[in-house]
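Note sheet for the following structure.
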């Protein structure tokens, strides 16, 4: 009898202890990254957001992350693992994680998911993205002014709407200030491969480009431009200020911290809902890195004017008249593009050469 | 389409640069495999070489010293693999794979304070008259010294394996370690030396990426080149000159496809991306007449008691 009593009280004690531990349970937030946190670009900025969440909530949260997760089945495994380990909220930070995120979310209805740059949502899956094309409009303006050879090189990652939008936006605004400008576009088919990005930048420079825009994540193109000498580049995703004032003359910065903090707070409060967030310069999700002294004052002024006009909502980067590449009319005079068209953009605007790989 | 935008001279020159890390790593692994050891840790040794070389070059201001450090770091990491497989008799495949994972993590740790730092520049060799020759100058005489070292190393490895006594012993160990042991050769010692040589070469290849080809440090920057080097050894059927050819083919196709894209050629990129593999299959078929095959003891552990 005594033994039974002992066991019972032990069980009760254990139960209490477990209960107490449960009460103090932290909100667990997971992050799935496509590159290494030290890439100096895209993943680096997401990880800064993660650190901001930790700084904001201290002991109340626990964050975990997995870096360099390949898009595809690997991503699905990583997400499943995170959900099994008790994550309450999981941020998946690459376009290619879209279907894996939806699949895993179906299996874990109590876990909240947030997918960056995608368009598929569910009751427990939100999507969020930044209007990078607004930043591209500013960079395009600078690029159009700065090029002497009138050839601007553009390193694309994958031919998805996000990237195509950026190319169009940069081209439209470069063309506005420099009617002779021409874009040379190469597709790297990777988000992160410094050696390949460096090769791509070198090829563009060899073929006459003196301004390079990139939609890949590392700073390798900056290094290549620096070695070449008279070439200008822009920071992508992160400031990349270590290459300022030249070759990096400005940058597009992703600032995810406020969003990550707000969404984590929502999970803690129980107010989380599936939403679609697409913010730009105005909301502070897209930042424009300092325009360096290598840029003449009047060009800087023009670029800042565009930035302010976009931020205040007075100007939309896709404002007509604009035609598609094949000459068919797209936007009439003064008409602006709707979000739906932008989200699924799969065509070049008039004046761009080449085809989008299908 | 504007093919005239492609400058064939610059194309070949940059192709050689793109191929060099691959060549260095492949030549090292070729020697390792000739001795009968399969080390799948090339990627890990490369990335550790990349950061070690980068760090030393930045701290000392000398890229050459960086390359020396990279070779030492690569060799040091390979010793870990050697201890596991040669003394502890661990499985070579598993040990090699874990060496890659370990190397990726270790390099990320070592490199934390080097993100965004610029390395000292390695100057190109400038030979008066020769470097100024049209066409031939930029292709043959306008590179950095490590690129020439890679080609020289290929020649040296070829000569040693084919004509020297050391090469003969190494091949004997790789073909039949029991027989070599019976003849009195120190199988473990020879393999240890071969593994360290492979590690040093992989380290050099990694440093070539971080100091010359890119040049900067970013985590994971070798991005699979070590794996291609492993494939290249098989492609070359364990022959040094074919490894050189293969490295130029693989490195070349990457550069050529980027060039064609920038020139606006309408060949779908996917075809270009798979062309190295198609060419590999083609070459393998052609070479199948050649009956040389993998070293017979490749991947098998040796223990003197057996």
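Residue numbers (my numbering), protein chains in the order written: chain A, 46 to 403; chain B, 163 to 468.
Where a beta carbon is used, it is the ideal one built from N, C-alpha and C, also for glycine.
Closer than 7 Å at the beta carbon, the chain A residues around residue i
i, result
"residue 277(B)", "83 and 85"
"residue 381(B)", "81, 83 and 84"
"residue 172(B)", "251"
"residue 290(B)", "What residue 290(B) touches in chain A: nothing, since even the nearest Cβ is about 23 Å away."
"residue 426(B)", "398 and 399"
"residue 420(B)", "231, 244, 245 and 248"
C-alpha distance - residue i paired with residue j, whole-angstrom precision
i, j, result
"residue 99(A)", "residue 183(A)", "32 Å"
"residue 392(A)", "residue 91(A)", "29 Å"
"residue 368(A)", "residue 416(B)", "34 Å"
"residue 227(B)", "residue 448(B)", "42 Å"
"residue 126(A)", "residue 149(A)", "10 Å"
"residue 171(A)", "residue 327(A)", "21 Å"
"residue 173(B)", "residue 297(B)", "11 Å"
"residue 320(B)", "residue 80(A)", "39 Å"
"residue 197(A)", "residue 279(A)", "12 Å"
"residue 323(B)", "residue 366(B)", "21 Å"
"residue 176(A)", "residue 249(B)", "57 Å"
"residue 114(A)", "residue 260(B)", "17 Å"
"residue 301(A)", "residue 209(A)", "22 Å"
"residue 268(A)", "residue 413(B)", "20 Å"
"residue 309(A)", "residue 305(B)", "53 Å"
"residue 213(A)", "residue 246(A)", "19 Å"
"residue 283(A)", "residue 303(A)", "16 Å"
"residue 290(A)", "residue 360(A)", "28 Å"
"residue 441(B)", "residue 312(A)", "53 Å"
"residue 131(A)", "residue 124(A)", "11 Å"
"residue 295(B)", "residue 110(A)", "54 Å"
"residue 411(B)", "residue 290(B)", "30 Å"
"residue 306(A)", "residue 94(A)", "8 Å"
"residue 352(A)", "residue 332(A)", "10 Å"
"residue 218(B)", "residue 225(B)", "8 Å"
"residue 66(A)", "residue 74(A)", "Residue placement at residue 66(A) cannot be trusted, given a pLDDT of 43 that sits under 50; what the coordinates show is reported in the next sentence. One C-alpha to the other measures close to 18 Å."
"residue 398(A)", "residue 235(A)", "22 Å"
Contacts that residue i makes with chain A (C-beta to C-beta distance below 8 Å)
i, result
"residue 176(B)", "244, 247, 248 and 251"
"residue 416(B)", "241 and 244"
"residue 213(B)", "Under the 8 Å cutoff, chain A gives no residues; its nearest Cβ is about 11 Å from residue 213(B)."
Anticipated Cβ contact below 8 Å, residue i with residue j, distance rounded
i, j, result
"residue 218(A)", "residue 189(A)", "7 Å"
"residue 270(B)", "residue 83(A)", "6 Å"
"residue 412(A)", "residue 165(A)", "Since the first residue shown for chain A is 46 and the last is 403, residue 412(A) is missing from the structure and cannot be characterised."
"residue 492(A)", "residue 227(A)", "Absent from the structure is residue 492(A), since the part of chain A shown begins at 46 and ends at 403."
"residue 252(A)", "residue 229(A)", "6 Å"
"residue 239(A)", "residue 314(B)", "Actually they are not in contact, since the Cβ atoms of residue 239(A) and residue 314(B) sit about 27 Å apart, beyond 8 Å."
Three-state class that DSSP yields for residue i in the structure shown
i, result
"residue 293(A)", "strand"
"residue 400(B)", "coil"
"residue 306(B)", "coil"
"residue 226(A)", "coil"
"residue 325(A)", "coil"
"residue 460(B)", "coil"
"residue 136(A)", "strand"
"residue 465(B)", "coil"
"residue 73(A)", "strand"
"residue 371(A)", "coil"
"residue 67(A)", "With a pLDDT of only 45 at residue 67(A), under the threshold of 50, the placement of this residue in the model should not be trusted; the figure read from the coordinates follows. Helix at residue 67(A)."
"residue 157(A)", "strand"
"residue 423(B)", "helix"
Min CB distance residue i to chain C below 9 Å
i, result
"residue 280(B)", "Among the protein chains of the structure shown, namely A and B, there is no chain C."
Chain B residues whose Cβ lies nearer than 7 Å to that of residue i
i, result
"residue 192(A)", "Neighbours of residue 192(A) on chain B: none; closest Cβ ~15 Å, over 7 Å."
"residue 214(A)", "Within chain B, no residue comes near residue 214(A); the closest Cβ sits about 21 Å away, beyond 7 Å."
"residue 238(A)", "385"
"residue 287(A)", "278"
Exposed unless 16 or more other CB atoms sit within 10 angstroms - verdict on residue i
i, result
"residue 52(A)", "Low confidence applies to residue 52(A): its pLDDT is 49, below 50, so where it sits in the model is not reliable enough to give any reading."
"residue 134(A)", "buried"
"residue 191(A)", "buried"
"residue 358(B)", "buried"
"residue 182(B)", "buried"
"residue 404(B)", "buried"
"residue 266(A)", "buried"
"residue 178(B)", "buried"
"residue 351(B)", "exposed"
"residue 419(B)", "buried"
"residue 400(A)", "exposed"
Under 8 Å by beta carbon: chain B residues contacting residue i
i, result
"residue 268(A)", "280, 376, 377 and 378"
"residue 264(A)", "278, 378 and 380"
Contacts that residue i makes with chain A (C-beta to C-beta distance below 9 Å)
i, result
"residue 287(B)", "None at all; the shortest Cβ gap to chain A is about 16 Å."
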